[in-house]
Amino acid sequence: MSNLKNKTIIITGAAMGLGLASAIECASQEANLTLIDFNEASLKKAETAILEKFPQTKLLSIVADVSSEDTVKSYVEQTVKTFGRIDGFYNNAGIEGRQAPMTEYDIDIFKKVIDINLMGVYYGLRYVIPVMQDQKYGRIVNVASVGGIRGVMNQTPYVASKHAVSGMTKNAALEYAKFGITANAIAPGAILTPMVAEAFVQLNAADPKAAETEYAQSNPSKRLGLPEEVAKVVAFLLSEDCSYINGQTIAIDGGQSNSYGNI
Ligand SMILES: NC(=O)c1ccc[n+]([C@@H]2O[C@H](COP(=O)([O-])OP(=O)(O)OC[C@H]3O[C@@H](n4cnc5c(N)ncnc54)[C@H](O)[C@@H]3O)[C@@H](O)[C@H]2O)c1
């Protein structure tokens, strides 16, 4: 299926994990891509991997930090200059921060999580939406988390930032649906990406695999999700077919967020 053929899509945090998996899925559907990441070496590797698999892909890579407003404005301008429009925006870059109880949380790390996960997502919306408004068409997918629906022990700034992403998604839908724009969020559960692998190291440095296995037991599916499983949903939400789902936060978590801890 090539539902994204000739669509221009910006993906932030594209160098690895969920961003890279979606970039590969979008390239397989013949989209034009702007890839954004602040990790230059990993971004280069991602670009090479995508072009090896899908050499026809029109691809622009930009090293940028989404928590810098000027940088975000610039990557949006460069995308429009290169491709003429922006059909889809996968507003994905984010960090987890460190794990600590609320009253002991390091304030500098707290602010950094908010700067990237909340302000970075907002800057993207601020500069991409006017382009989509002019086109009278656009598809936005913000990345929240199950931590944007529920609390998560020892992750106060992450949970605060992801609830904010879900809230901004609702407002984007309310304010811009009349311009042919849909804005939805995804709420992944634990998906096996480098970010989650690092969380298991924090939980059990001696045996992160044991921490992963134990964690999976609390999921009705008894396993973690794969980035490719998320990418399929994202590709749909970025496509023209996603025309009347708007302002939703969609859990992709193997059913886990429905549980009262009784599985
Ligand atoms: N993996 C999961 O289980 C999971 C669950 C829920 C939500 N999420 C969310 O999904 C998104 C992607 O997570 P992931 O697991 O793929 O993480 P990851 O760490 O594997 O990849 C994130 C990518 O974003 C980039 N990035 C981080 N901060 C950036 C910044 N300021 N500017 C530009 N690029 C930046 C990193 O360099 C990296 O390439 C995040 O928003 C995360 O909170 C992930």
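Count along the sequence shown from 1, then add 2; that gives the number in our numbering.
Glycine included, C-beta positions come from ideal geometry on N, C-alpha and C.
Reducing DSSP to helix, strand and coil, say where residue i ends up.
i, result
"Asp136", "helix"
"Phe181", "helix"
"Asn119", "helix"
"Pro222", "coil"
"Val65", "strand"
"Val59", "First, the amino acid is wrong: residue 59 is Thr here, not Val. Here Thr59 sits in coil by DSSP."
"Ile26", "helix"
"Ile52", "helix"
"Ala33", "coil"
"Tyr246", "coil"
"Asn173", "helix"
"Gly263", "coil"
"Gln157", "coil"
"Leu205", "helix"
"Gly2", "Because residue 2 is not part of the residues shown, which for the chain are 3 to 265, the question remains open."
"Ser4", "coil"
"Gly266", "A query on residue 266 cannot be resolved here, the shown segment of the chain reaching from 3 to 265 and no further."
"Ile131", "helix"
"Cys111", "The question names Cys, but residue 111 is Ile in the sequence shown. If DSSP states are grouped into helix, strand and coil, Ile111 belongs with the helices."
If I follow the unbroken beta strand (DSSP E) through residue i, where does it start and stop?
i, result
"Tyr92", "90-93"
"Thr10", "10-14"
"Thr105", "First-last for Thr105: undefined, no H or E at that position."
"Asp255", "That residue, Asp255, is in no beta strand (DSSP E); it is neither H nor E in DSSP."
In the DSSP output, which residue or residues are listed as bridge partners for residue i?
i, result
"Leu240", "Paired residues: none, contrary to the question."
"Pro210", "DSSP, once it has assigned bridges, lists no residue as partnering Pro210."
"Gly227", "Ile193"
"Ala187", "Asn144, Thr251"
"Ile38", "Thr14, Ile64"
Compute the beta-carbon to beta-carbon distance between residue i and residue j, rounded to the nearest angstrom, for a pair I have assumed lies under 8 Å.
i, j, result
"Gly126", "Asn156", "Gly126 to Asn156, Cβ: 27 Å. No contact."
"Ala25", "Leu37", "6 Å"
"Ile118", "Ser69", "5 Å"
"Arg87", "Val133", "7 Å"
"Val304", "Phe91", "Here the chain covers residues 3 to 265 and nothing more, so residue 304 does not appear."
"Asn2", "Gly256", "Outside the displayed range of the chain (3 to 265) lies residue 2, so it cannot be described from this structure."
"Tyr199", "Ala185", "Correcting the residue type first, residue 199 is Ala in the shown sequence and not Tyr. Rounded, the Cβ-Cβ distance is 30 Å, inconsistent with contact."
"Ser261", "Ala253", "At roughly 11 Å, the Cβ-Cβ gap does not stay under 8 Å, so Ser261 and Ala253 are not in contact."
"Gly150", "Thr14", "About 17 Å; that fails the 8 Å criterion."
For the alpha helix (DSSP H) holding residue i, just list the boundary residues, first then last.
i, result
"Val78", "71-85"
Contact criterion: CB-CB distance below 8 Å. Does residue i meet it with respect to chain B?
i, result
"Ala166", "The displayed structure is made up of one protein chain only, and chain B is not part of it."
Query raised in the report: Hey, is the segment 175-186 in contact with the segment 127-137, meaning 3+ C-beta pairs nearer than 8 Å?
Result: Short answer: they touch.
Requested in this report: Mind the definition here: the segment 203-223 touches the segment 36-56 only if three or more C-beta pairs lie below 8 Å; say whether that holds.
Outcome: The segment 203-223 vs the segment 36-56: no contact.
Query raised in the report: Does the pairing of the segment 4-19 with the segment 186-197 give three or more beta-carbon distances under 8 Å?
Result: Three or more beta-carbon pairs separated by less than 8 Å link the segment 4-19 to the segment 186-197, which places the two stretches in contact.
Report task. Could you say if the segment 158-170 and the segment 104-119 meet the contact criterion of at least three C-beta pairs nearer than 8 Å? Result -> Segment contact: the segment 158-170 against the segment 104-119, three or more CB-CB distances shorter than 8 Å; contact assigned.
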